[in-house]
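Trainee: For the sequence shown, this note's numbering begins at 60 and goes up steadily by one. All C-beta atoms in this analysis are idealised placements derived from N, C-alpha and C, irrespective of residue type, glycine included. Treat the numbers as computed from the prediction; the structure is a model and nothing was measured.
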Amino acid sequence: METKSSHQPKFPDRFPELPLRLANLPEFPNFFMIRDDLLPLGFGTKWRKAIGIQENAKEKAVKEILLWGAVHGNYLASFSTIFRSLGFFVTTIGYSKDPHLKTYNEHLVKYHSHSFHCYANRKLALEAFAQMSSRFAGLVLPEFGVHPNQILGLKQLWSNLETKIQSLLKDSEYKTSPNESQAILLLEIGSGVSFLSAYDYFRNSQVLVQGVMIGEKKDSWLSRTKQLQMKLGLQPVPIPEENVMEVEGKLPSSSLTIGETERNQKENPYQEAQKGMGFGKGQNHYKDWIFEFYQKNEIILEPMYSAKTLFHFHKKQNERMVYVSKIPIFYLHQGGQIQHLDLVFPKTRVLP
Ligand SMILES: *Cc1c(COP(=O)(O)O)cnc(C)c1O
């Protein structure tokens with residue numbers, strides 16, 4: 060079925076530039092956002108993780124890649140798209156619990172995989188992956204693409220950030236003593252690769268790396284860090300408990316539609332959430348907050364990751380419990396927002 064049109068969009072066949080961009084938000088004093096969400100297609104920091112893996116494949120002269128993971132997630136969407144565009148033959152094993160759910164990420168995965176197999180749950184997908192990887196000639200990536208070469212691109216980011224922090228602090232009013240932290244790097248922990256790589260890089264510096272747990276309990280993740288560090292080729296140093304935090308709030312569900320009437324009825328969503336409603340009941344509030352945040356800052360938050368962390372900060376600030384931090388906080392927005400454009404752009408416009 061060859062239906063090549065002359066209008067086929069050109070997709071970059073080389074790696075894009077991965078600049079470090081900082082923004083400060085008026086509402087959050089001493090707070091700088093690292094805008095990885097601005098990297099192509101909103102893939103965010105996944106670009107930085109992919110670049111070293113691509114180099115590894117080049118060295119081995121491998122042109123085939125096997126991926127697996129959740130079909131609606133940013134990992135599979137970004138890696139299948141990136142490796143396809145770099146000329147790899149992409150084989151993907153995905154899983155989705157809801158056969159009817161259609162998402163942007165799933166679309167990307169499906170159409171950028173030369174060979175695509177989808178299963179009803181993680182367990183079945185893992186079995187299929189184990190079987191296929193045993194006879195796969197190319198590069199086989201485990202879940203979340205955990206690979207020592209992921210660190211290469213991340214390290215470059217930390218190094219650029221370090222330079223930026225130093226120049227920012229040099230001519231600022233921030234006063235710190237030699238043995239105290241001068242800045243905080245704040246980021247979410249999914250698999251934890253980004254966090255562990257940052258922790259490794261800044262371990263003996265004056266930048267304090269602070270992680271926010273997403274999805275997994277802190278204790279459970281902390282019990283696995285050594286193993287993960289070894290897989291990544293990092294020194295298996297212990298992660299201090301105080302560097303990892305759990306913020307309250309249940310994860311928003313995957314059904315992310317909001318009725319306009321509901322939106323109009325609630326006046327001040329985050330105030331209500333502050334009274335201790337939490338996200339479980341207040342999922343729509345959360346979506347409202349993403350919308351408001353976008354209107355104020357022109358930054359789209361991702362409901363699972365960035366919105367969770369920033370909502371927490373906002374809340375603390377309203378409660379006057381802010382990190383009245385004398386040192387600047389650098390927060391990494393890791394992208395993944397494109398799948399959720401409907402949170403900020405209305406799908407349909409109802410005529411009066
Ligand atoms: C992958 C991802 C993360 C988590 O990164 P890890 O290195 O797996 O912890 C966070 N936010 C977004 C948007 C992501 O796509």
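1. Give me the Cβ distance between W127 and T104, rounded to the nearest whole Å; I'm assuming they're in contact under 8 Å.
2. Count the other CB atoms, across all protein chains shown, that sit within 10 Å of the CB of Q154; report buried if there are 16 or more and exposed otherwise.
3. What do you reckon, is the C-beta of V413 under 6 Å from a heavy atom of ligand 1?
4. Could you work out which residue in K290, H371, L200, L198 is closest to V271 when comparing CA atoms only?
5. Any heavy atom of ligand 1 closer than 6 Å to the beta-carbon of E247?
6. What runs of the alpha helix (DSSP H), each 4 residues or longer, lie entirely inside the stretch 201-281?
7. Let me know the secondary structure DSSP gives S155 once reduced to three states.
8. Which of the three DSSP states, helix, strand or coil, is assigned to T284?
9. Could you tell me which residues DSSP puts in a beta bridge with K82?
10. Does at least one heavy atom of ligand 1 sit under 6 Å from the Cβ of E123?
11. I'd like to know whether the C-beta atoms of F102 and I124 end up nearer to each other than 7 Å.
12. What is the rounded straight-line gap between the Cα of F175 and the Cα of L185?
13. Which residues does DSSP list as the beta-bridge partners of S174?
14. Starting from G111, trace the alpha helix (DSSP H) both ways and give me its first and last residue.
15. Does ligand 2 have even one heavy atom less than 6 Å from the beta-carbon of E361?
16. Name the one or two DSSP bridge partners that H392 has.
17. CB L291 to CB P207, shorter than 7 Å?
18. Taking A82 as the reference, which of P75, E275, I93, L167 has the closest Cα?
19. Taking Cβ positions, are F91 and K122 nearer each other than 7 Å?
20. Quick one: what's got a C-beta closer than 6 Å to L98's C-beta in the same chain, skipping five residues either side?
21. Does DSSP classify I359 as helix, strand or coil?
22. Using 7 Å as the limit for Cβ to Cβ distance, is S137 near chain D?
23. Just to confirm, does N133 get its C-beta within under 6 Å of one of the non-hydrogen atoms of ligand 1?
24. Taking the C-alpha atoms as reference points, what is the distance between S264 and Y178?
25. Can you grab the Cα-Cα spacing for the pair T368 / S253, in whole Å?
Mentor: Looking at the atomic coordinates:
1. Not a contact, Cβ separation roughly 20 Å.
2. This sequence places Tyr at residue 154; Gln is not what is there. Buried, since its Cβ has 16 or more Cβ neighbours within 10 Å.
3. A question about residue 413 goes unanswered here, because the residues of the chain that appear run from 60 up to 411.
4. H371
5. yes
6. 209-229, 252-261, 277-281
7. coil
8. Assignment of T284 by DSSP, reduced to helix, strand and coil, places it in the helix class.
9. The question names Lys, but residue 82 in the sequence shown is Ala. DSSP, once it has assigned bridges, lists M92 as partnering A82.
10. The answer is no for E123.
11. no
12. 14 Å
13. T150
14. 105-118
15. Here the bound small molecules are ligand 1; ligand 2 is not part of this structure.
16. R94
17. In this structure, the beta-carbon distance from L291 to P207 falls below 7 Å.
18. I93
19. no
20. So the qualifying residues of the chain are W106.
21. Residue state, collapsed to three classes: coil.
22. Checking the listed chains, one finds no chain D in this structure; it contains a single protein chain.
23. For ligand 1, at least one heavy atom lies less than 6 Å from the Cβ of N133.
24. 45 Å
25. Those two C-alpha atoms are separated by around 16 Å.
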